[in-house]
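Asks: Below you will find the structure I want to go over with you.
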Amino acid sequence: MSGWAGLLGTFLPLLLAVVSAWRPIRGASLWTLSLAVHLISWACFVIVLLTLYAGSSKGVDSVLSPVILTASQWSGATALRWDFSTAVFALAACSVMVSFHFIARELIQSSRATAAGLAGYLCSLLGALGANHPLLFCAFMAGAVVPRLVFTGMDVREGKIEAVKETAFLSIVALLSLLVCVLAFAEPFQTALPLWFKIEGANRIVLPGSIGIILLLLAASISAGIFPFHGNARRIFQLERMERAVPLALQPFFGFALLFRFGLSSFPNEFRAFSPHLLGLFSVGVAYCAVGFLGSRSSRDRVFWLQQVLSCFVAVGFFSLSVKGWHGAQAMLIFECMAIPFFLLVLACHERRPPMPAARELGRYPAFALSTAMAALYALFLPVSIGFYGALLVTWSLVGVYSWPLPFLIFSMPLIAFAGVRIMYFRLGEMKSNSRLGEMKSTSRESIPQEKEFTDLHRDELVAILPLGLTLFLLGILPRILLGPMGTSITNTLKGLGF
Amino acid sequence: MSANQILLLGYIVLPFFAYSLPQAKRTGPLLSWGSLATMVRIFLLLGMARTVLGDTIAVRSSLVQGYPLDIVFSMNAYRFGFLFMAEFCFLLAHWMGQIEGPHSNVIRVLIGFGQGFCSLLVLSDNSVATGGIWLLAGAVFFYLVRFSIPARDEEMGAVISTRMHVLFFLLGLIMIAWGIAEFSEQSLVFGRGTGSDLGLVLWLALVILAIPLPPWSRWFTRAVEHLPEGVTLTIVTFLSAAALKVSSLFSVAYPMLGWKQKLLLYVLGIMGCCFSIAGLLGAQSRKRMLGCLPSFFLSLVLASVGVSRGGLVLSAYFACLFVPVITGLALSTTAIQTYGTLQKIFVGLLFVLVLGVPGTPVYQIFSGIGARSLDLGLGYAIVFGILWFFYFNANVHICRRIFLERETFPESSSTPRFGGTSGLYAGYGIFMMIMVILMSQFAGRIL
Numbered sequence: 006m007s008g009w010a011g012l013l014g015t016f017l018p019l020l021l022a023v024v025s026a027w028r029p030i031r032g033a034s035l036w037t038l039s040l041a042v043h044l045i046s047w048a049c050f051v052i053v054l055l056t057l058y059a060g061s062s063k064g065v066d067s068v069l070s071p072v073i074l075t076a077s078q079w080s081g082a083t084a085l086r087w088d089f090s091t092a093v094f095a096l097a098a099c100s101v102m103v104s105f106h107f108i109a110r111e112l113i114q115s116s117r118a119t120a121a122g123l124a125g126y127l128c129s130l131l132g133a134l135g136a137n138h139p140l141l142f143c144a145f146m147a148g149a150v151v152p153r154l155v156f157t158g159m160d161v162r163e164g165k166i167e168a169v170k171e172t173a174f175l176s177i178v179a180l181l182s183l184l185v186c187v188l189a190f191a192e193p194f195q196t197a198l199p200l201w202f203k204i205e206g207a208n209r210i211v212l213p214g215s216i217g218i219i220l221l222l223l224a225a226s227i228s229a230g231i232f233p234f235h236g237n238a239r240r241i242f243q244l245e246r247m248e249r250a251v252p253l254a255l256q257p258f259f260g261f262a263l264l265f266r267f268g269l270s271s272f273p274n275e276f277r278a279f280s281p282h283l284l285g286l287f288s289v290g291v292a293y294c295a296v297g298f299l300g301s302r303s304s305r306d307r308v309f310w311l312q313q314v315l316s317c318f319v320a321v322g323f324f325s326l327s328v329k330g331w332h333g334a335q336a337m338l339i340f341e342c343m344a345i346p347f348f349l350l351v352l353a354c355h356e357r358r359p360p361m362p363a364a365r366e367l368g369r370y371p372a373f374a375l376s377t378a379m380a381a382l383y384a385l386f387l388p389v390s391i392g393f394y395g396a397l398l399v400t401w402s403l404v405g406v407y408s409w410p411l412p413f414l415i416f417s418m419p420l421i422a423f424a425g426v427r428i429m430y431f432r433l434g435e436m437k438s439n440s441r442l443g444e445m446k447s448t449s450r451e452s453i454p455q456e457k458e459f460t461d462l463h464r465d466e467l468v469a470i471l472p473l474g475l476t477l478f479l480l481g482i483l484p485r486i487l488l489g490p491m492g493t494s495i496t497n498t499l500k501g502l503g504f
Numbered sequence: 437m438s439a440n441q442i443l444l445l446g447y448i449v450l451p452f453f454a455y456s457l458p459q460a461k462r463t464g465p466l467l468s469w470g471s472l473a474t475m476v477r478i479f480l481l482l483g484m485a486r487t488v489l490g491d492t493i494a495v496r497s498s499l500v501q502g503y504p505l506d507i508v509f510s511m512n513a514y515r516f517g518f519l520f521m522a523e524f525c526f527l528l529a530h531w532m533g534q535i536e537g538p539h540s541n542v543i544r545v546l547i548g549f550g551q552g553f554c555s556l557l558v559l560s561d562n563s564v565a566t567g568g569i570w571l572l573a574g575a576v577f578f579y580l581v582r583f584s585i586p587a588r589d590e591e592m593g594a595v596i597s598t599r600m601h602v603l604f605f606l607l608g609l610i611m612i613a614w615g616i617a618e619f620s621e622q623s624l625v626f627g628r629g630t631g632s633d634l635g636l637v638l639w640l641a642l643v644i645l646a647i648p649l650p651p652w653s654r655w656f657t658r659a660v661e662h663l664p665e666g667v668t669l670t671i672v673t674f675l676s677a678a679a680l681k682v683s684s685l686f687s688v689a690y691p692m693l694g695w696k697q698k699l700l701l702y703v704l705g706i707m708g709c710c711f712s713i714a715g716l717l718g719a720q721s722r723k724r725m726l727g728c729l730p731s732f733f734l735s736l737v738l739a740s741v742g743v744s745r746g747g748l749v750l751s752a753y754f755a756c757l758f759v760p761v762i763t764g765l766a767l768s769t770t771a772i773q774t775y776g777t778l779q780k781i782f783v784g785l786l787f788v789l790v791l792g793v794p795g796t797p798v799y800q801i802f803s804g805i806g807a808r809s810l811d812l813g814l815g816y817a818i819v820f821g822i823l824w825f826f827y828f829n830a831n832v833h834i835c836r837r838i839f840l841e842r843e844t845f846p847e848s849s850s851t852p853r854f855g856g857t858s859g860l861y862a863g864y865g866i867f868m869m870i871m872v873i874l875m876s877q878f879a880g881r882i883l
């Protein structure tokens, strides 16, 4: 039953993408239908997760969908398969999409392309998370390109169409890179390829593996939008309406799911050789992004750099190739893909309002103040969020094994504390005219529906923010409900791969 | 789960849940949820008193399976004594914290959270949990300062809150890093340190940063001077708990600390004491003058660790026990305006307590440090003699300022003046003085 639930949850949004083209369904009914579909998807993954949770003590570590999606002589039978971690990722993605419906009600009601793009993007993302073969992953990744472009292109600011072109180009590069990697190093050329590169008399072939891991890492890093390929990831923070960036904040799932699911199993030896260097690179990345977080002059900039810090932490945890590191990295990934949308939702609420009153006046707007305070607590990785445990486990995984990158991680923490002070001062929505990313010209600001007077959060805004905020809080105070089964799943995976 | 564990659990969670109940509109400060929760906590502590005299009560919960990230909170006689006195101080803080204004509810809640985190910090036995509590406390105190500072001192509030937040954040991180460096093989539960250089350096950083040491900790003296009394008392009690934590960890992790490290702590402690006394003598307002007292006694914690021989540092314990009480009493002194018989008894007793008459905590602090200074040689003895002499002179100065000078309070001050209830506060102050003397006598015999 849970296999069917997973399958339904994955493909139901695709049905919505098709239905949204039907003219009679529009406005409020389109929004209601879209919400219902996303809620059903969410409920389906709750079932998958509960099955895995209940089965974790009985040795059930994955749920397989009952339908084979493709079958060929060289790829075998490919289907969707969820372990505990991917089911959690899928549930997090669905939760974000449901929240998005409340913050962007008008947007979905007025634009069928938005509803279709949203559904298509979620379907691709859920499919990619569940794919049990890299080729299937490629197919879903390709499926996400168009909805992503719809989202970026429809709301990009005037004169910024180059950004869309750049995003499209990079997406195609990532996709091609992954396709070449899959075809050459998984199947069908896996056995033939080493012979092409074999030097006469040599007993060791290094080149193909190196090329494969480079292609895989290129695809993963572009998909995740991570340092040093973070330039394009910034584009989503340049959208006219901040709420449009909420679904796009789930993009790191693509890159990291690729690494966690297929990276180590495809190139175990190469990862052993390359990981210490990449670990160092991303440790430097954490410090660099923390400096960026500290130096950012606008709220959008802050959220962007925070996302980069989190992504770098995930990468450090992944390349530590240890259970502890992977555990921390996956916790961090969930945190990233829930906390960044949470931030964007809060930021969207800030940007809809006139300049904020002085902090001492905020007592009159309790929901607004509390949401901003929660954003601040999450930004600082305090123990009320799962990010604290993620950062702790990632850092801890390096102790005694790779000690030299540790100073970079430790150095970044006080910077994050200092940077977080601005958020704690309730200055999340502050606009600086001289900032590069957060600059909101008067013309563009006029197009955003703004309140005449400063008001507390509306019902829709509350419904959008509260579930995500409370989930993050709950996971922060009871991390064992998530980290316990996840740890078992990771231990089994790494043990199976010989690590 | 035994009855004692239930009592301990109730004691731990009470301040965090007390505010979820609806507050009646017309309850005075004496019957606010914060005050009631504190009274219940005192009774819960009394319920555990008999057991903790000879045993330890512990509650344990696993945070993450497979890793030594268990939360362990344990209560023993040592911690009991401090927390028992701290609760009386928090009760006073709740009474003093009834400020009228747009954020009065937030301030009440945040004082309650500060109270909760204070007890968690003292009871925690795991370095990650302790570090996490410190990190969270930083955020709580940040907002407590931000919301309670009067509008005219907005900039001052920004400075104080930022310093507190960053300092507590660093302390939390150092605590976690220290735990990983020293106790990763012992489930991160505090125990005998492995003696690694990194661990030692981290512990020294922790001790030095945890104690607001003049002249670097100007934020602390400013906080005492500018913040409302209830908030100040909450901050001071939390800082005393932090000082108690790090000084007690010394006896657990490094009972055989090297002389160089001890000398460093001693020099810093004495320097802090000197600066505090200088600040006290040069203070322009009564509140600033009395605000130097906590700094002085907290600096003495470092001096106590510096001259200790190993094992439990009792002088540091008495100092930590005494600091919140003396701060609460001093703040009451600044606020009480009417001088009736009860108030005069209160002020008289306060100076008996502060001067260090035998039997009082101050006497026990100085006698402990003095005895060890004599053991350590002439240099230490001379420094101690000078310190005591200056402390005595500072007290004479305090007496002169309190009894001979009448200071008027500005009308716009947001801090409460206890005109109508000063008798009650004076009576409670006398009760607290008797309690702290009794508690230090008990502690001196039991620990």
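These protein sequence lines are chains A and B, in that order. One gets our numbering by counting positions in the first sequence from 1 and adding 5 to each. One gets our numbering by counting positions in the second sequence from 1 and adding 436 to each. Just so you know, even glycine gets a beta-carbon here, dropped at the ideal spot from N, CA and C. It should be emphasised that the depicted structure is a prediction, and the values quoted were computed from it without experimental measurement.
#1: List, in order along the chain, the chain A residues whose C-beta lies closer than 7 Å to that of PHE674 of chain B?
#2: Can you confirm whether ARG485 of chain A, when its beta carbon is compared against all beta carbons of chain B, has any partner nearer than 7 Å?
#3: Have a look at PHE348 of chain A and PRO490 of chain A and give me their C-alpha separation to the nearest angstrom.
#4: Could you check if HIS530 of chain B is buried or exposed, using at least 16 other CB atoms within 10 Å of its CB as the buried criterion?
#5: Please state whether DSSP places ILE4 of chain A in a helix, a strand or coil.
#6: Looking at LEU767 of chain B and the ligand MN, is the gap between the Cβ and the nearest heavy atom below 6 Å?
#7: Less than 7 Å between the beta carbons of LEU734 of chain B and VAL759 of chain B, yes or no?
#8: By the DSSP assignment, the beta strand (DSSP E) with TRP87 of chain A in it spans what residues?
#9: Which stretch, first to last residue, makes up the beta strand (DSSP E) that contains ASP589 of chain B?
#10: In chain order, what residues of the same chain lie with their CB nearer than 6 Å to the CB of GLY696 of chain B, ignoring the 5 residues before and after it?
#11: Got a sec: is the Cβ-Cβ distance from GLN551 of chain B to anything in chain A below 7 Å?
#12: Compare the beta carbon distance of GLU356 of chain A and MET429 of chain A with 7 Å and say whether it is the shorter of the two.
#13: Quick check on the DSSP output: the alpha helix (DSSP H) that includes ILE493 of chain B runs from which residue to which?
#14: For the pair the region 114-133 of chain A and the region 247-257 of chain A, tell me if three or more CB-CB distances fall below 8 Å.
#15: In three-state terms, what does DSSP make of MET692 of chain B?
#16: Could you tell me which residues DSSP pairs with ILE45 of chain A in its beta bridges?
#17: Got a sec: is the Cβ-Cβ distance from TRP510 of chain A to anything in chain B below 7 Å?
#18: Near PRO730 of chain B, what residues of its chain come up, given a Cβ to Cβ distance below 6 Å and the 5 sequence neighbours on each side ignored?
#19: Using a Cβ cut-off of 7 Å, which residues of the region 585-604 of chain B contact any Cβ in chain A, in chain order?
#20: How about LEU501 of chain A and HIS332 of chain A: do their beta carbons lie closer than 7 Å?
#21: Can you tell me which residues form a DSSP beta bridge with ASP506 of chain B?
#22: Taking the alpha carbon of ALA381 of chain A as the reference point, which residue from A:LEU477, A:VAL328, A:SER116 and A:PHE16 has its own alpha carbon closest?
#23: Any beta carbon of chain A sitting closer than 7 Å to that of GLN622 of chain B?
#24: Give me the residue from A:ARG427, A:LEU284, A:ALA372 and A:LEU398 with the minimum Cα distance to ARG305 of chain A.
#25: Could you check whether the region 359-379 of chain A touches the region 289-302 of chain A, counting it as contact only if at least three pairs of C-beta atoms, one from each stretch, sit closer than 8 Å?
#26: Taking the alpha helix (DSSP H) that GLN779 of chain B falls in, what are its first and last residues?
#27: Taking Cβ positions only, does GLY434 of chain A come closer than 7 Å to chain B?
#28: Can you list, in chain order, the residues of its chain whose CB lies under 7 Å from that of TYR58 of chain A, leaving out five sequence neighbours each side?
#29: Is the distance from the Cβ of SER751 of chain B to the Cβ of ILE706 of chain B below 7 Å?
#30: According to DSSP, is VAL389 of chain A helix, strand or coil?
#31: What do you reckon, are the CB atoms on GLY552 of chain B and TYR455 of chain B nearer than 7 Å?
#32: Do you know whose CA, among B:ARG628, B:GLY804 and B:THR769, lies nearest LEU693 of chain B's CA?
#33: Is LEU244 of chain A helix, strand or coil when you go by DSSP?
#34: Please state whether DSSP places SER560 of chain B in a helix, a strand or coil.
#35: If you draw a straight line from the alpha carbon of LEU499 of chain A to that of ASN137 of chain A, how long is it in whole angstroms?
#36: With respect to the alpha helix (DSSP H) encompassing ASN137 of chain A, which residues constitute its N-terminal and C-terminal limits?
Replies: In this structure, then:
#1: As a position in the second sequence, residue 674 of chain B is number 238, starting the count at 1. None at all; the shortest Cβ gap to chain A is about 17 Å.
#2: Numbered from its first residue, the first sequence carries residue 485 of chain A at position 480. Yes, because at least one Cβ of chain B sits closer than 7 Å to the Cβ of ARG485 of chain A.
#3: Along the first sequence, read from residue 1 onward, the residue named residue 348 of chain A stands at position 343. Along the first sequence, read from residue 1 onward, the residue named residue 490 of chain A stands at position 485. Those two C-alpha atoms are separated by around 27 Å.
#4: One-based indexing of the second sequence puts residue 530 of chain B at position 94. Counting Cβ neighbours within 10 Å, HIS530 of chain B comes out buried, since at least 16 surround it.
#5: Missing from the structure shown is residue 4 of chain A; chain A here goes from 6 to 504 and no further.
#6: Among the components of this structure there are no ligands whatsoever, and the ligand MN is therefore not found.
#7: Residue mapping note: residue 734 of chain B aligns to position 298 of the second sequence, counting from 1. Residue mapping note: residue 759 of chain B aligns to position 323 of the second sequence, counting from 1. LEU734 of chain B places its beta carbon less than 7 Å from that of VAL759 of chain B.
#8: Taking the first sequence and counting its residues from 1, the one referred to as residue 87 of chain A is at position 82. Segment 86-88, the beta strand (DSSP E) holding TRP87 of chain A.
#9: Residue 589 of chain B sits at position 153 when you count from the first residue of the second sequence. Where ASP589 of chain B is concerned, there is no enclosing beta strand (DSSP E), given that its DSSP letter is neither H nor E.
#10: Here residue 696 of chain B refers to the residue found at position 260 of the second sequence. For clarity, residue 696 of chain B is Lys in the given sequence; the question names Gly instead. Apart from sequence neighbours up to five positions away, no residue of its chain approaches LYS696 of chain B with a beta-carbon distance below 6 Å.
#11: As a position in the second sequence, residue 551 of chain B is number 115, starting the count at 1. Answer no: the Cβ-Cβ gap between GLN551 of chain B and chain A never drops below 7 Å.
#12: Residue numbering aside, residue 356 of chain A sits at position 351 when the first sequence is read from its first letter. Residue numbering aside, residue 429 of chain A sits at position 424 when the first sequence is read from its first letter. The criterion of a C-beta distance shorter than 7 Å is not satisfied by GLU356 of chain A and MET429 of chain A.
#13: Here residue 493 of chain B is taken as the residue at index 57 of the second sequence, counted from 1. Annotation: ILE493 of chain B is outside any alpha helix (DSSP H); the continuous beta strand (DSSP E) that includes it extends over 493-498.
#14: They touch, by the three-pair rule.
#15: Translated into the one-based positions of the second sequence, residue 692 of chain B becomes position 256. MET692 of chain B: coil per DSSP, three-state reduction.
#16: Numbered from its first residue, the first sequence carries residue 45 of chain A at position 40. DSSP, once it has assigned bridges, lists no residue as partnering ILE45 of chain A.
#17: The displayed coordinates of chain A run from 6 to 504. Any statement about residue 510 of chain A would go beyond what the structure contains.
#18: Mapped onto the second sequence, residue 730 of chain B falls at position 294. Closer than 6 Å at the Cβ level, and outside the excluded window around PRO730 of chain B, lie VAL672, VAL759 and THR763.
#19: Of all residues in the region 585-604 of chain B, only ALA587, THR598, HIS601 and VAL602 place a beta-carbon less than 7 Å from a beta-carbon of chain A.
#20: As a first step, residue 501 of chain A is located in the first sequence; it is residue number 496 there, counting from the start. As a first step, residue 332 of chain A is located in the first sequence; it is residue number 327 there, counting from the start. It is worth fixing the name first, because residue 501 of chain A is Gly in this sequence and not Leu. No. Outside cutoff.
#21: Taking the first residue of the second sequence as 1, we reach residue 506 of chain B at position 70. BP columns for ASP506 of chain B point to B:SER498.
#22: Residue numbering aside, residue 381 of chain A sits at position 376 when the first sequence is read from its first letter. Distance from the Cα of ALA381 of chain A is smallest, within the candidate group A:LEU477, A:VAL328, A:SER116 and A:PHE16, for A:LEU477.
#23: On the second sequence, position 186 is the one that residue 622 of chain B refers to. So, not an interface residue.
#24: Walking along the first sequence from the start, residue 305 of chain A turns up at place 300. The option with the nearest alpha carbon to ARG305 of chain A is A:ARG427.
#25: Touching, no.
#26: Indexing the second sequence from 1 puts residue 779 of chain B at position 343. Its alpha helix (DSSP H) spans residues 777-791.
#27: For the purposes of this step, residue 434 of chain A is identified with residue 429 of the first sequence, where counting begins at 1. Below a pLDDT of 50, predicted positions are generally treated as unreliable, and GLY434 of chain A, at 47, falls in that range; the measurement from the model is reported next regardless. With respect to chain B, the C-beta atom of GLY434 of chain A has no partner C-beta closer than 7 Å.
#28: Translated into positions along the first sequence, residue 58 of chain A becomes position 53. Only PRO490 meet the Cβ criterion.
#29: Taking the second sequence and counting its residues from 1, one reaches residue 751 of chain B at position 315. Taking the second sequence and counting its residues from 1, one reaches residue 706 of chain B at position 270. Result no, Cβ atoms of SER751 of chain B and ILE706 of chain B do not sit closer than 7 Å.
#30: For this step, residue 389 of chain A is matched to residue 384 along the first sequence. Secondary structure at VAL389 of chain A: coil, using DSSP grouped into helix, strand and coil.
#31: Reading the second sequence from its first residue, position 116 is the one you call residue 552 of chain B. Reading the second sequence from its first residue, position 19 is the one you call residue 455 of chain B. Not in contact: GLY552 of chain B and TYR455 of chain B (Cβ atoms no closer than 7 Å).
#32: Counting from one through the second sequence, the residue named residue 693 of chain B turns up at place 257. It is B:ARG628 whose Cα lies nearest to the Cα of LEU693 of chain B.
#33: Taking the first residue of the first sequence as 1, we reach residue 244 of chain A at position 239. It is a strand residue.
#34: For this step, residue 560 of chain B is matched to residue 124 along the second sequence. Strand at SER560 of chain B.
#35: Taking the first residue of the first sequence as position 1, residue 499 of chain A is located at position 494. Taking the first residue of the first sequence as position 1, residue 137 of chain A is located at position 132. Roughly 16 Å between the two C-alpha positions.
#36: Taking the first residue of the first sequence as position 1, residue 137 of chain A is located at position 132. From DSSP, ASN137 of chain A is part of no alpha helix (DSSP H); its letter is neither H nor E.
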